[in-house]
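Comments concern the structure below.
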Amino acid sequence: MSAFICLQKTPSELPNVQQSDGKDVASPILLQLPHPRTGELVYFMLRPQEPCLLELQQVDGNERTSWFIDNTVQKDGSIYAFSPFDPLLLVLPILDARRRKTPETAGSFLSLEDLLHIEEHSEIARLTAIAALPAKLDSICDITSPAPDMQFFRLNDEKVVAWLRAKCDLIVRKFDTYTLLQSLRSGEKLLKEKQVLESRRHVAIRLLGDYLPPSWIVLLKDSYGLKEAPVSEYVYFENVVKRPLANSNAEQQSVAAVKKAKLNHGQRALAKANKEGMKSITSFFKK
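Its first residue numbered 1, the sequence shown is counted upward by one per residue in UniProt numbering.
Pasting the structure below:
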């Protein structure tokens, strides 16, 4: 379920969260973090209470819409929502790169602080404020503890695939409850049970694939023995959710998204006609 968050100018008191720089943060903060699939900077919110990490999404339809607020019109009719986000999806590509795996070795163990210290994306280090993150990393990493207060992590491919399969299987189990997938369910009547399961797995992997580097999508498909299927066989819905980019202008995006309408035969003929002496219909309503 999506969570809608309103930021107060003067936030109420919340439990303190220890940040990586040693400062306490008692209110939600907006971060620009690289998207795990594309690497583009997108917006996330970090907050003290669970779920600690939220993704900012822009929900929009195909048609241009506006909001009527009191006596004003808001041109951008989009809805901005914050949805709970698994922090492991964000750190997966980082862990993959930082372990320095080779054909001879499984790679190196690193502390969480070292793993999340990236100069060009310094805000990633703030994820250490998530108290449950070390425990979550046990789902996808090997962990060694040379001392009681020290932990070092290294990504484990088998654990990652098992973790992704658990997410995929959960989507498949709850498939009938998702409104967005209703059109797909109506198209399953003529399919055999095995075909339905395979089709639903393809859809689940596509949904997860929006947040995964391509290499992990391949490994996940291979674990199920799935072959690449044409998109038309398992995509029955349109994605109306967008991620606002941190370095883009919303107005420019809106203008760029509007396509020029094609003229019909009558409009083309009128455009070529001699309009001298002709008046537009609106001229008859002017004083």
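For each residue, glycine too, the CB sits at the ideal point set by N, CA and C.
Next item on the list: Verify whether the separation of the beta carbon atoms of lysine 159 and leucine 88 is less than 8 angstroms.
Entry: If you number the sequence shown from 1, residue 159 lands on position 159. If you number the sequence shown from 1, residue 88 lands on position 88. No; because the gap between Cβ atoms is not below 8 angstroms, this pair is not in contact.
Next item on the list: Evaluate contact between the stretch 26-34 and the stretch 121-128, counting only Cβ atoms and requiring at least three cross-stretch pairs below 8 angstroms.
Entry: yes
Checklist line | C-alpha gap between aspartate 76 and glutamate 55, whole angstroms | finding: Working through the sequence shown from its first residue, we reach residue 76 at position 76. Working through the sequence shown from its first residue, we reach residue 55 at position 55. Looking at the two C-alpha atoms, the distance is approximately 20 angstroms.
Checklist line | Cα-Cα separation, arginine 200 to glutamate 228 | finding: Numbered from its first residue, the sequence shown carries residue 200 at position 200. Numbered from its first residue, the sequence shown carries residue 228 at position 228. Approximately 13 angstroms between the Cα atoms of the pair.
Checklist line | Alpha carbon of valine 42 to alpha carbon of proline 36, nearest angstrom | finding: For the purposes of this step, residue 42 is taken as residue 42 along the sequence shown, with counting starting at 1. For the purposes of this step, residue 36 is taken as residue 36 along the sequence shown, with counting starting at 1. Looking at the two C-alpha atoms, the distance is approximately 10 angstroms.
Next item on the list: Note down, in chain order, each residue of its chain lying with its Cβ closer than 6 angstroms to the Cβ of alanine 261, except the 5 sequence neighbours on either side.
Entry: As a position in the sequence shown, residue 261 is number 261, starting the count at 1. Its pLDDT being 47, under 50, alanine 261 is placed unreliably by the model, and the measurement read from it follows with that caveat. There are no such residues.
Item checked: In chain order, each beta strand (DSSP E) run of at least 3 residues that lies wholly inside the UniProt domain "Ribonuclease H2 subunit B wHTH" (90-216) -> 141-147 and 150-155
Next item on the list: Express the C-alpha separation of leucine 190 and cysteine 52 in angstroms, rounding to a whole number.
Entry: The residue you call residue 52 lines up with position 52 of the sequence shown. The residue you call residue 190 lines up with position 190 of the sequence shown. Rounded to whole angstroms, cysteine 52 to leucine 190 spans 43 angstroms at the Cα level.
Margin query: Rounded to the nearest angstrom, what separates proline 212 and valine 196 at their Cα positions?
Written below: As a position in the sequence shown, residue 212 is number 212, starting the count at 1. As a position in the sequence shown, residue 196 is number 196, starting the count at 1. Here the sequence assigns leucine to residue 212, which means proline is not the residue at that position. Cα-Cα distance, rounded: 24 angstroms.
Item checked: For proline 87, three-class secondary structure by DSSP -> Position 87 of the sequence shown, counting from 1, holds the residue named residue 87. The answer is helix: DSSP assigns proline 87 an H, G or I state.
Note to self: With three or more beta-carbon pairs closer than 8 angstroms as the criterion, would you say the stretch 129-143 touches the stretch 169-189?
What the structure shows: Short answer: they don't touch.
Next item on the list: Take phenylalanine 85 as the anchor and find which of Glu50, Asp70 and Ala162 has the nearest alpha-carbon.
Entry: Counting from one through the sequence shown, the residue named residue 85 turns up at place 85. Per the Cα distances, Glu50.
Check: If you run the structure through DSSP and keep just helix, strand and coil, what is leucine 219?
Finding: As a working mapping, residue 219 is identified with position 219 in the sequence shown. It is helical.
Check: In angstroms, rounded to a whole number, what distance separates the CA positions of proline 148 and arginine 99?
Finding: Along the sequence shown, one-based indexing puts residue 148 at 148. Along the sequence shown, one-based indexing puts residue 99 at 99. Their backbone Cα atoms lie some 23 angstroms apart in a straight line.
Notebook entry, point to check: Do arginine 154 and phenylalanine 82 have their C-beta atoms closer together than 8 angstroms?
Noted result: Against the sequence shown, residue 154 aligns to sequence position 154. Against the sequence shown, residue 82 aligns to sequence position 82. Result no, Cβ atoms of arginine 154 and phenylalanine 82 do not sit closer than 8 angstroms.
Check: Would tyrosine 211 count as contacting chain D if we go by Cβ distances under 8 angstroms?
Finding: Included in the structure is just one protein chain, with no chain D present.
Next item on the list: Could you spell out where the beta strand (DSSP E) holding leucine 33 opens and where it closes?
Entry: For the purposes of this step, residue 33 is taken as residue 33 along the sequence shown, with counting starting at 1. First-last of the beta strand (DSSP E) with leucine 33: 29-34.
Note to self: Can you tell me where the beta strand (DSSP E) holding glutamate 55 begins and where it ends?
What the structure shows: Start at 1 with the first residue of the sequence shown, and residue 55 comes out as number 55. Here the beta strand (DSSP E) through glutamate 55 covers 53-59.
Notebook entry, point to check: For the putative contact between glutamine 151 and leucine 115, defined by C-beta atoms under 8 angstroms, what is the C-beta separation to the nearest angstrom?
Noted result: As a position in the sequence shown, residue 151 is number 151, starting the count at 1. As a position in the sequence shown, residue 115 is number 115, starting the count at 1. Not quite, the Cβ-Cβ distance comes to about 11 angstroms (not below 8 angstroms), so this is no contact.
Item checked: 8 angstroms contact criterion, which leucine 220 and cysteine 168 should meet: CB distance rounded -> The sequence position of residue 220 within the sequence shown is 220, counting from 1. The sequence position of residue 168 within the sequence shown is 168, counting from 1. At roughly 7 angstroms, the Cβ-Cβ gap stays under 8 angstroms, so leucine 220 and cysteine 168 are in contact.
Notebook entry, point to check: In terms of alpha-carbon separation, which member of Ile69, Phe68 and Tyr80 lies closest to aspartate 60?
Noted result: Stepping through the sequence shown from its first residue, residue 60 is reached at position 60. Measuring from the Cα of aspartate 60, the nearest candidate turns out to be Tyr80.
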